[in-house]
Each structure stands twice: as C-alpha cells, then as structure tokens.
Amino acid sequence: MSLGIMEEDELAEYFRLQYGERLLQLLQKFPNIEEQSESPSIRLLEKKKEAKIMHTAMEQKKEVGDWRRGGQEGPRGSEPRDSPPLCGWPELGVLVKLLCFQGGERKDLSLEGSSVLGGQAWGQRRPGGRGGAGGGALLTSLPSPSPKMFRRRMETLNLRWEELGTKEAQLKAHIQKFEQFIQENDQKRIRALKKANKERELKRQRVRELAKVKQEMGALRLQHQRLSTRMQEFSVFNKYLEKVVEHSEFEEIHEVISRYKTLISMHHDLMQSAQEGQEKIERAKARLARYMEEKDDEILQHNNELARLQMRFDRARSDVIVWESRWAHIQNTAAKKTLLLGTIKMAALNLFQIVSKQLKETAAVSLEDTHKQLDMVPR
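Residue numbering for the sequence shown follows the numbering used here, beginning at 57 and increasing consecutively.
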C-alpha cells in the first residue's frame, strides 16, 4: 500500500505516539515565518553579484597597471594611443568605473583607460572610440584623485573583497548545514512513514491470516461432521463383512478387502493388456495399409519414369546422326583454323627473323610468342 492513501487520523496518532510532547519542543526551535528575513540563497545571490562587481573592478585595476607599465604604447601589435592620460593618472578611468557601481546599479558609461581620459576634447568622438559628451560631463564633475586616495580606495576594496569571500564561505556552510538538516528530517519522516505503513500492513496481514485460519477451522469442522455421518452410513457394510468372515476362510476383515483389491488390480491389468494388444494390432494394420499404398505409388512413379526415359532414349537415338554430322563439320573447321593459325605463326616468325637480320639485333623472344614477335616488327 502506498504512502499517499494512509489515513490522516492514523498518521497523526502514530506521530503522537512516537514523539509526544517532544514534537512541540522541536517545532518551537524553528524561527517564525514572519520573523525570518530573506532566505540564505537570496542573500548568497546578492553577495555573488557584489563579488562579481568587485571582481570587474579588480580586473580594470589590473589593466590600468599593465597600461602604466607599458607607458604610452598599447598592447603589442596595436597602434599607439593618440592622446596622453589626463594629468598623468590613468587610474582615473578605473575610479570612474567604480563610481558607476554605486548601490549595485551599473550605469552604462563604457569608459576605458586612456582612450576616455585623453587630452582631447570630451565632446569629440574618436574614430572607433567610445568617448562622448556624456563622459566629459561626468569627468568634469569629478575631483582629481590623489595617489594616496586611490591606494586607500583600492585597499578598502581589497578588504571588502576578502570580507565578501569570508561571508560567502559562511553562507555556503550555513546553507549546507541547513540543507543537511532538511534532508535528515525528510529521511526521518520517510522512515517513520515507512515504519507506520509496514506496521499497518503487518497488522492487516495478521488479521487476514487469522480470518483464513478461522475459515479453515470451520471447513475442518464441517468435514469432520460429514465424515462422521458417512461412517454411520457405512456401518452396515462393516456388519456385512463381519458375517462374511464368520462363514469363510478369512480371519479378518482387512484380509477380505486385500483379496478384493488384488483381484480388482489383476482384472485391471488384464483389461489394460488386452486393450494394448488390440491397439498394437490396429496400428500394425494401419502401417501395412500405408506401406502397400506407398509401394503402389512408387511402382506407378517408376513406370512413368521408365516411359519417360524410353522416350528420351528414342529421341537421343534419332539425334545421333545430326550430332555426328555436326561433330565432323566442327573437326574439319578446327583443322582448317589450325592450319591457318600455323601458317600465320610461320609468316610472323619469318618476318621477325628477316627484320632482326636487317636490324642486326638479337632479341630473346620465344618461337611460340607470336604477339611479341609482331611487336618487334616496325610498322
């Protein structure tokens, strides 16, 4: 029986018996739903978002440091920048980007390094660049940062990054413990439901077995009554056998019964033997009839085959003269072809020998290889 069809009253009774007053204490340990703040997963997502923003800022810081080490030149293989950094501070581009992430909302300014902070006018856009009037308005409203302020800002960002990593690890550990606690509670609940279901099924099985035993007991009582009634009915035959024993050579009733069973068995065996002998005779007659029928069919087939072969023999005898004349013609034709072939081979050999003498060349060619001899003769 599945867990879905368990009665609610029986399930509540089972948990009441299993836990009792401890269930109320366990429920009091959980915080109230109204008092709970945002779930740990939501807080973790928010922290991850902040960490991603900080990671982007750190990447921009690294790019600016690389730019400072490279001087006015860009990456290898690229064209040099067309404007120097503003006031010699390339970090200002990173600071502008950091200020764009206030409150977790990113403003789409798309400012990059010295291309935005160049000495050209902010209202003018370079070919292929991303600077514009909006960026100039933003930078003109910002104060010029000092190196000390920038380092302090970056140290603060590094500390916040470490704090975020620590908080993220704590949140992960808390979520893992909470999920483990929920999983353990689910496993306990499933085990409890399975145990209750098993006990209920065992009880029902015992009830079914008890009902079955009672039914069998009632059937045995009825059978006992029937046997008692039949024994009373057959008591007449017992008295009859007692009288037979008194007036016969047998001394006990069971001897009479044994003798009767022996005679019945012998009669049964004799009847069975006679029936088997009759069946064998019938099977032999059937086999004989089938054999005679098969042999008659074979004789008829052999007669037909003999007549067919006789006809073939007569036709073959009439065709002998025709085939003999054809054979003679074939032999004559073959003789003529052979003579012609020999003549051609002799002519080719003579021609080959004449050509060889004229060219004064000796080639190892077989006398039978007519094709090669003809190939050696120039056209």
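Positions of the beta carbon are idealized from the N, C-alpha and C atoms, including for glycine.
CA nearest to the CA of residue i, picked from the options
i    : options                   : result
E106 : L396, E218 and K118       : E218
D425 : Q414, L405, I410 and G274 : L405
K108 : M348, R216, Q366 and R277 : R216
N214 : S374, M348, E308 and M110 : M110
I98  : E255, E332 and I231       : I231
K416 : E240, N253 and M432       : M432
E311 : L297, Q334 and E272       : L297
I309 : M322, F293, S321 and T285 : F293
Range of the contiguous alpha helix (DSSP H) that encloses residue i
i    : result
D425 : It is not in any alpha helix (DSSP H) - D425 carries neither H nor E in the DSSP assignment.
E311 : I309 to L415
F293 : S291 to E302
>> Could you tell me which whole beta strand (DSSP E) segments of length 3 or greater appear in the region 215-273?
In response: Residue ranges of uninterrupted beta strand (DSSP E) with 3 or more members are absent from the region 215-273; none lies entirely inside it.
> Should the region 375-395 be regarded as contacting the region 414-429, the criterion being three or more beta carbon pairs within less than 8 Å?
Replying inline: Under the Cβ criterion (8 Å, minimum of three pairs), the region 375-395 does not count as touching the region 414-429.
> On the three-pair Cβ rule with 8 Å, is the region 101-115 touching the region 222-235?
Replying inline: A contact is defined here as three or more CB-CB pairs under 8 Å, and the region 101-115 meets this definition with respect to the region 222-235.
> Counting pairs of Cβ atoms below 8 Å between the region 206-215 and the region 108-121, do you hit three or more?
Replying inline: Cβ pair count under 8 Å is three or more, so yes.
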